[in-house]
Amino acid sequence: MTIGNSLEPAFWRLLARQAGTEADPAAVAAAARRLWEDFARRLTPLIGDAGVVAICGRSLQLAEQRFPGLAPVPASRLDGEPFRHVQHFLEHQDPVVAIRAAVTVLGVACEVLATFIGEKLTRLLLHETWPDEFDGNATESTT
Amino acid sequence: MTDKVSIRRLSTGVSGLDAVLGGGLPEFSFNVVAGAPGAGKTTLVQQIMFTLARRDRPALYFTVLGEPPLKMLRYQQQFEFFDIAKVNTSVRFVNLAKEALAGGLDEVLRRIAQEVEAASPAIVIVDSFRSVIQAAKRQNGEADLPHFVQRLGMQLTGWQATTFLVGEFQLAETEDHPVFTVADGLISLYQSLDRNSMVRKMQVMKMRGQAPIPGLHTFRITNVGIQVFPRLIIEAPKTPPVGDGAKTKRQPPRVSIGVTGLDEMLGGGIPSGQSVLVAGPSGSGKTVLATHFIREGVRRGEPGVIAIFEKRPSEYAQASAIGLDQAVRDGQVGIIHTRPLDLSIDETQFELTAAIERLKARRVVIDSLSGFELALAPTFREDFRESLYRLVAALTGMGVTVMMTAELEDTYTHLRFSPHGTAFLTDAIIVQRYLELEGRLQRVMAVVKVRASAHSKDLRLFEIGADGITIAERVGDYEGLLTGSPRVVAPERRRRRRRAQSRRPRS
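Chains as they are written, first to last, in my numbering: chain A, 60 to 202; chain B, 32 to 538.
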């Protein structure tokens, strides 16, 4: 199981908490964007705006294989708000598909991030963003 | 109030660096780390940062426009010092790319000030500072730069932070760039290329408030991080007090080699704390003699260290007829096997010193100088004699007795004792040769020199058996042995020679 797959249940719960279980696609899309922006706020100081955009762009490209139309523009032409495209896409999907697509994008983004900065640091950042959902699993040495 | 301010010095966690800096990193100092891409700047400052950062003394690492932080985090995690658990607790990374591109120096300074005030860090790093300068030049020209550097230096010092500005600065820039004037410390990193070999070098060009070790120091980057090998500086010998002539003339005690007869040839053994060169052709018994020397030390409760450059340690310990296996297992003998090529003398000396201190060794063998020279990076081979002089002086300065072996091609046209021209560096020389006598190839040994001491001038036959070396009788009644064409001495000359020898005191 990849890190992205293992994180999906937590993203399901976070989405459900933010958008409600009976949510319409617009609410799911808005909730997904809020989740991404919360995580991006943690990431930006570490990897910069350009790094965040690059991770998002690659994630959309990978997730599009399962959800055609998710990445309507080439990743190289994404602006500073790449998740705007995701929100737009989700708003026009069936609610179940919207949730599944949002969870997939968030999972893939973590997968891509982990290939660069490692699973441990990725989990630490997730834990800092959503401490109730993710275990940081890193103890600072005292020496 | 007369008490002067004392500067606290921080231990960097980089092996060897504290010594090079002159005792550690001055707290609250404003430092520049300069060097070409790939020189090791980011690795150096991150190793220091992860060592010093604590929750109550955090570090702020500002990335600007140099290496993308995503990649920097990826690659730096490969080092053991990178403690992920410290990220965002003791160590915070802050990317300033947006500020550098959009707002110039003022915006960069504002953001740094904002972050520093919020975190109250003990360590602040800006990587790369050159990209800050370049961004500023694009927007404002160079007019604001000296002012910016002044303000940054003052503010960071005022916030009681120890600061590093990292940049791809060239040596030529250090003369007129404002950052170098403001900086308290300037550390330059280089990659020195010679033929196909690359050696990393470091120079502390200034470190206010203390005396760094001058010159270029070699360093290595491994998975542990950076390890610096401080350049050997030989301290001047202490001048004896006036009127203490009797003491200065006192001869050092002798160290036994453990070969019956050879100690007598040396005038009682090797002077303790001095060096001896054993030179001879391949297979003549140099390593066996060195093994005797170490084994005799073990027998007398004097641990030993052997630096080898050709064989593997296990092979070396077993190879000799009088093996050292057990002594190595018992921790009485340490074998240093410096595998990597492109060594520096300082690196070897660092390994030797560490082993000597660990084992409290009194005897050291370097086997052989030829292998040692081959293991050195080409750039150091040119200075081999000078480097060897510093190494021997440093080791004997520690009070250990040093035996070095040297491969010597057997020639019968002239007398040579070392292929490296190093004979004058050693206090004593033992030479081994092959001779053809009466249709047999035989080994002979002679003591060529023992500084300030009488010694035998005899050429003595010797055998190597199961117990090692056995010194036999003097090669008598021949002359011209070392020319390769020995002749039997005529009976009348033989009688005269014996009469003369009987009148001479035995040495």
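Think of the CB as a built atom: it goes at the ideal place given N, C-alpha and C, for glycine as much as any other residue.
Computed from a predicted model, the values in this text were never measured in an experiment.
Contacts between residue 115 of chain B and chain A, judged by CB atoms closer than 8 Å, involve 177, 179, 180, 183, 197 in chain order.
DSSP places residue 130 of chain B inside the alpha helix (DSSP H), whose first and last residues are 128-133. The segment 122-142 of chain B makes contact with the segment 88-95 of chain B, as at least three CB pairs between them are under 8 Å. Cβ-Cβ separation between residue 421 of chain B and residue 265 of chain B: approximately 6 Å, consistent with a contact (criterion under 8 Å). Apart from the 5 residues on each side of it in sequence, residue 472 of chain B sits with its Cβ closer than 8 Å to the Cβ of 465, 466 in its chain, given in chain order. For residue 104 of chain A, at least one C-beta of chain B is nearer than 8 Å to its own C-beta.
Put simply, of B:42, B:456, B:311 the residue whose alpha carbon is nearest the alpha carbon of residue 463 of chain B is B:311.
Contact note: residue 152 of chain B does not reach chain A at a C-beta cutoff of 7 Å; the least C-beta distance is about 14 Å. Excluding the 5 residues flanking it on each side, residue 177 of chain B has same chain C-beta neighbours closer than 6 Å at 209, in chain order. Listed along chain B, the residues sitting closer than 8 Å to residue 187 of chain A by beta-carbon distance are 119. Bounds of the alpha helix (DSSP H) holding residue 155 of chain A are 154-176.
At a cut-off of 8 Å between C-beta atoms, residue 191 of chain A does not count as an interface residue with respect to chain B. Assignment of residue 335 of chain B by DSSP, reduced to helix, strand and coil, places it in the strand class.
In the structure shown, residue 249 of chain B falls within a strand segment according to DSSP collapsed to helix, strand and coil. The beta carbon of residue 84 of chain A lies closer than 8 Å to those of 149, 150, 151, 152, 153, 154, 157 in the same chain, with the five residues before and after it left out. Sequence-distant Cβ neighbours of residue 180 of chain B in its own chain, meaning closer than 6 Å and more than five residues away, are 209, 210, 213. The residue among A:186, A:189, A:192, A:173 with its C-alpha nearest the C-alpha of residue 111 of chain A is A:173. The beta carbon of residue 99 of chain A sits no closer than 8 Å to any beta carbon of chain B.
Judged by DSSP secondary structure, residue 512 of chain B falls outside any alpha helix (DSSP H); it is assigned neither H nor E.
Among the bridge pairs identified by DSSP, residue 296 of chain B is matched with none. Residue 54 of chain B sits in coil when the DSSP states are folded into three classes, being neither helix nor strand. Judged by beta-carbon spacing, residue 247 of chain B lies beyond the 8 Å limit of residue 75 of chain B, meaning their Cβ atoms are not closer than that value. The CB of residue 108 of chain A comes closer than 9 Å to the CB of 126, 128, 129 in chain B, given here in chain order.
Counting along the chain, residue 108 of chain A sits inside no beta strand (DSSP E); it lies in the alpha helix (DSSP H) bounded by residues 84-122. Counting only unbroken stretches of 3 or more residues, the beta strand (DSSP E) elements lying wholly within the segment 364-424 of chain B are 364-368, 394-398, in sequence order. Inter-segment contact for the segment 430-440 of chain B and the segment 396-406 of chain B is present: three or more beta-carbon pairs are separated by less than 8 Å.
Rounded to the nearest whole angstrom, the CA to CA distance from residue 68 of chain B to residue 160 of chain B is 13 Å. Residues of chain A whose Cβ lies closer than 7 Å to the Cβ of residue 142 of chain B do not exist, since the nearest Cβ in that chain is about 11 Å away. Residue 418 of chain B and residue 498 of chain B have their C-alpha atoms spaced approximately 36 Å apart. Its Cα nearest to that of residue 245 of chain B, the residue B:235 stands out among B:235, B:455, B:423, B:129.
Residue state for residue 150 of chain B is assigned as helix, using DSSP reduced to three classes.
Segment contact: the segment 321-338 of chain B against the segment 357-369 of chain B, three or more CB-CB distances shorter than 8 Å; contact assigned. Chain A has a Cβ within less than 8 Å of the Cβ of residue 108 of chain B. A distance below 8 Å separates the beta carbons of residue 301 of chain B and residue 307 of chain B. By the 16-neighbour rule on beta-carbons within 10 angstroms, residue 481 of chain B is buried.
If the five residues before and after residue 259 of chain B are omitted, its C-beta is found closer than 7 Å to the C-beta atoms of 45, 46, 47, 48, 51, 233, 248, 250, all from its own chain and listed in chain order.
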